[in-house]
Amino acid sequence: MTAVTTGGDGQQQLEAEAENEQKVVLRKAVSDVSQEMEKYLIVKSELETIIEEVEQAECECCGLKEECTRVYKRQVQERYCGKWVCGLCAEAVKERVVVLAMEDALNQHKDFCNHYNATTRINPKLSLTLSMRQIAKRSLEKRKSMSKLGRSSSYP
1 MTAVTTGGDG QQQLEAEAEN EQKVVLRKAV SDVSQEMEKY LIVKSELETI IEEVEQAECE
61 CCGLKEECTR VYKRQVQERY CGKWVCGLCA EAVKERVVVL AMEDALNQHK DFCNHYNATT
121 RINPKLSLTL SMRQIAKRSL EKRKSMSKLG RSSSYP
């Protein structure tokens with residue numbers, strides 16, 4: 001700072017210097033904010049590109065192919081012992097998890113899907129015939145058990 005020789009000029013000079021200092025501080029604040037905004041916009045655009053990346057995943061049980069994001073695929077794999085399973089198979093596995101461990105439930109469901117793909121998809125008429133046979137068997141067994149109950153409860 002310079003020495004003040006006259007009262008009026010010195011006061012004006014001090015005010016001008018103070019105003020210049022305020023402008024410098026304001027410029028720094030504006031430049032800091034603009035730098036932070038640039039960083040934010042870069043991070044935001046990177047996140048958007050990550051979110052938008054979609055890839056095709058194949059269910060390890062039934063073979064269904066589904067489009068999903070990497071994040072979703074990773075979450076499903078973490079939940080199901082590193083294997084990606086579709087939503088339908090995931091629900092079937094959840095029902096079995098109550099009784100079995102996760103890996104056992106996955107393996108059982110995968111075996112079921114493999115059996116289904118090997119028989120039903122190849123020959124649907126044969127599958128229908130086998131299903132009708134199973135229904136008839138169950139019906140016969142049910143009738144036999146009902147008739148035994150009916151005889152045991154009758155009085156002479």
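Mapping to the working numbering: the sequence shown position 31 is 31, numbers consecutive.
Every residue gets a Cβ at the ideal spot worked out from N, C-alpha and C, and that includes glycine.
Pick out the complete beta strand (DSSP E) segments inside the stretch 55 to 113, 3 residues or longer, and give them in chain order.
65 to 69
Given a cut-off of 8 Å on the beta-carbon distance, is the pair K110 and C61 in contact?
yes
Compute the Euclidean distance between the alpha carbons of C81 and E103, then round it to the nearest angstrom.
7 Å
Can you tell me the Cα-Cα spacing of K137 and N123, whole angstroms?
21 Å
Among I135, E91, K83, G63, the one whose alpha carbon lies nearest that of H115
G63
Close Cβ partners of Y93 (< 6 Å) along its chain, the five nearest in sequence each way excluded:
Note that residue 93 corresponds to Val in the displayed sequence, not to Tyr. A105, L106, H109.
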